Amino acid sequence: MIPSIPWSKAHGVAFLSCPEDTDTTSPLRIATTEPHNEFLMALIESETGRRVIPELYTPLEIRNWYSSNGNAAESILEKMQSEKTAGKTSNWESEPVIELVDTILETASIQRISDIHFESYESYLSVRFRKDGLLVPHLDLPSWLKESVILRLKVLANLDISEKRMPLDGRFRYRTPSVDCSIRISTLPTRHGEKAVLRLLHSLKNNEGLEFLGMPFEMTVKIQRLFDKPQGIFFVTGPTGSGKTSTLYAGLRRVIQRQVNVTTIEDPIEYELSGANQVQVNEKAGLFFTNALRSVLRQDPDVIFVGEIRDKETASVALQAAQTGHLVVSTLHTNDAVSAITRLKDLGISPTLIADAVIGILAQRLLRKSCSICGGKKEGCKDCNFTGYSGRFAIFELLEASPKLNELILNSSTNAEILKEIPFLKLRDHAELAVKNKETSKEELERVLG
Ligand SMILES: [Zn+2]
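Encoded structure:
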């Protein structure tokens with residue numbers, strides 16, 4: 057059997073060498089979270105007829121690998137097109153339609169898409185994903201598939217498939233070995249057929265702890281200790297899409313195991329975090345970060361995740377809470393760890409409060425990983441779509457609270473002074489080490505940190 061992308065997803069692995077290679081003497085390199093799982097390796101070897109060389113990757117890296125390689129739904133679609141030409145038709149109950157819808161849902165789950173729009177136009181059904189707030193085209197399906205795809209979605213959500221003239225809504229759970237997602241669906245009759253919008257609420261896997269983020273071991277231990285503290289505020293900083301939320305969720309998962317009251321205030325809620333009370337900010341209804349935080353504080357919380365701190369009021373309520381027996385974690389949009397202190401000062405927070413409440417600041421970025429097949433050559437290879445890169449990895453810098461740091465904050469020291477006085481490995485140091493180890497390129501380092 058020739059392994060395909062959906063097949064490897066079902067096993068939670070990614071192929072690093074070309075799976076279509078029919079030369080059975082060449083080994084198959086795979087990325088997996090469980091390189092020591094002999095049963096899984098034996099299974100893959102027996103299914104592919106090739107010797108498997110497993111390499112350890114984090115779940116995040118494997119997800120990123122899928123998001124940058126190939127569109128599995130397109131290949132199913134091609135197969136259906138040729139079957140149709142051969143006179144074979146597909147309806148919502150037929151295997152290819154089920155597989156197509158599954159693949160779209162699975163791709164969206166793996167890429168942590170928040171919404172999927174299925175829009176009926178005269179000659180096609182457009183499938184778009186909302187990612188990082190933007191609605192981007194994923195796939196256009198031919199009009200002969202419009203009805204069966206929408207019907208398949210309705211069947212999944214147990215909706216009345218005979219009702220096409222009225223809006224409907226429902227929900228279902230989508231679960232595979234690699235994803236677990238609860239999905240809300242709503243349909244709307246439009247001029248050229250029904251439109252369906254799916255809102256995805258992702259669950260985190262048990263193995264997505266801090267130790268799987270790919271940070272140096274000592275840093276993992278330090279961050280675990282910060283999450284174990286009874287009070288104080290911990291910030292993760294970086295631009296949008298630098299993986300801040302994944303890091304904080306990984307830490308919160310650890311906290312939840314301690315049987316404490318964990319409450320999050322988010323906009324939007326991106327993942328389902330079982331064991332936590334998640335509050336969605338609703339500005340239209342008058343629920344902002346600030347008043348939500350005040351209400352949460354009346355609910356006897358131990359740990360509070362404030363999605364983002366943008367204004368003075370939220371910042372001061374959060375920092376005061378962190379001084380009075382609560383562990384608060386939050387994010388700031390700054391480029392490095394030290395700038396978070398400046399940012400808080402700019403928001404009007406007193407140096408005393410900052411020095412007293414802040415227990416640590418982690419800055420992070422995602423870098424593209426050099427392709428392991430061609431070694432990241434400029435011209436690339438077919439395994440990396442001729443880009444020289446495959447997957448991404450995070451780099452971090454951690455500024456920990458210390459008496460020295462407090463002194464510098466209280467003396468209104470500049471960033472340069474703090475950097476001079478407190479030695480710690482910077483983002484650039486980690487990135488340069490990665491370049492030295494050939495994990496990424498100098499160009500990529502400059503693109504992200506330049
Ligand atoms: Zn390559």
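Take 57 as the starting number for the sequence shown in our numbering and just add one per residue. Virtual Cβ for every residue (Gly too), placed ideally from N, Cα, C. Just so you know, these numbers come straight off a predicted model, no measurement behind them.
Per DSSP, cross-strand counterpart(s) of residue i
{"i": "Phe-71", "result": "Ile-86"}
{"i": "Glu-328", "result": "Ser-259"}
{"i": "Arg-231", "result": "Asp-236"}
{"i": "Asn-338", "result": "Leu-343"}
{"i": "Ser-182", "result": "Glu-175 and Asp-196"}
{"i": "Tyr-445", "result": "Ser-426"}
{"i": "Ala-129", "result": "Its beta-bridge partners do not exist; DSSP assigns none."}
{"i": "Arg-421", "result": "Ile-451"}
{"i": "Asn-333", "result": "Thr-319"}
{"i": "Ile-241", "result": "Gly-226 and Leu-254"}
{"i": "Leu-190", "result": "Lys-187"}
{"i": "Phe-290", "result": "Val-385 and Gly-416"}
{"i": "Val-362", "result": "Ile-321 and Ser-386"}
{"i": "Glu-456", "result": "Gly-416"}
{"i": "Pro-272", "result": "Beta-bridge pairing links Pro-272 to no other residue."}
Short Cβ contact (8 angstroms threshold) for residue i with residue j
{"i": "Arg-421", "j": "Ala-450", "result": "yes"}
{"i": "Ile-365", "j": "Leu-388", "result": "yes"}
{"i": "Ala-513", "j": "Phe-185", "result": "The shown model of the chain, from 57 to 506, leaves out residue 513, and the question about it has no answer."}
{"i": "Thr-293", "j": "Leu-269", "result": "no"}
{"i": "Leu-181", "j": "Leu-201", "result": "yes"}
{"i": "Glu-203", "j": "Gly-249", "result": "yes"}
{"i": "Asn-471", "j": "Ser-395", "result": "yes"}
{"i": "Lys-251", "j": "Phe-345", "result": "no"}
{"i": "Val-183", "j": "Leu-195", "result": "yes"}
{"i": "Ile-429", "j": "Leu-72", "result": "yes"}
{"i": "Gly-432", "j": "Ser-386", "result": "no"}
{"i": "Leu-12", "j": "Ala-332", "result": "No information on residue 12 is available, as it lies outside the stretch 57 to 506 that the chain covers here."}
{"i": "Ile-279", "j": "Leu-461", "result": "no"}
{"i": "Arg-168", "j": "Glu-326", "result": "yes"}
{"i": "Pro-272", "j": "Leu-244", "result": "no"}
{"i": "Leu-282", "j": "Phe-290", "result": "yes"}
{"i": "Gln-287", "j": "Gln-379", "result": "yes"}
{"i": "Ser-170", "j": "Leu-256", "result": "yes"}
{"i": "Pro-152", "j": "Lys-135", "result": "yes"}
Beta-carbon separation (whole angstroms), residue i vs residue j, contact threshold 8 angstroms
{"i": "Val-373", "j": "Leu-349", "result": "5 angstroms"}
{"i": "Ser-218", "j": "Arg-227", "result": "Ser-218 to Arg-227, Cβ: 20 angstroms. No contact."}
{"i": "Ala-371", "j": "Val-414", "result": "Not quite, the Cβ-Cβ distance comes to about 11 angstroms (not below 8 angstroms), so this is no contact."}
{"i": "Ser-426", "j": "Glu-495", "result": "6 angstroms"}
{"i": "His-258", "j": "Glu-328", "result": "6 angstroms"}
{"i": "Val-108", "j": "Ala-87", "result": "So it is not a contact: roughly 11 angstroms between Cβ atoms."}
{"i": "Arg-208", "j": "Ile-154", "result": "6 angstroms"}
{"i": "Ile-166", "j": "Val-235", "result": "6 angstroms"}
{"i": "Leu-96", "j": "Glu-90", "result": "6 angstroms"}
{"i": "Leu-466", "j": "Ala-411", "result": "6 angstroms"}
Proximity test, residue i beta-carbon vs ligand 2 heavy atom, cut-off 7 angstroms
{"i": "Gly-436", "result": "Here the bound small molecules are ligand 1; ligand 2 is not part of this structure."}
Could I get the ranges of all uninterrupted alpha helix (DSSP H) runs contained in the stretch 364–415, with 4 residues as the minimum, in chain order? Complete alpha helix (DSSP H) runs here, min 4: 368–379, 393–402 and 407–413.
Are there three or more Cβ pairs, one per stretch, closer than 8 angstroms when the stretch 352–361 is compared with the stretch 318–333? Cβ pair count under 8 angstroms is three or more, so yes.
Whole alpha helix (DSSP H) elements within the stretch 138–174, 4-residue minimum: If one requires a minimum length of 4 residues, the alpha helix (DSSP H) runs lying completely within the stretch 138–174 are 151–166, in chain order.
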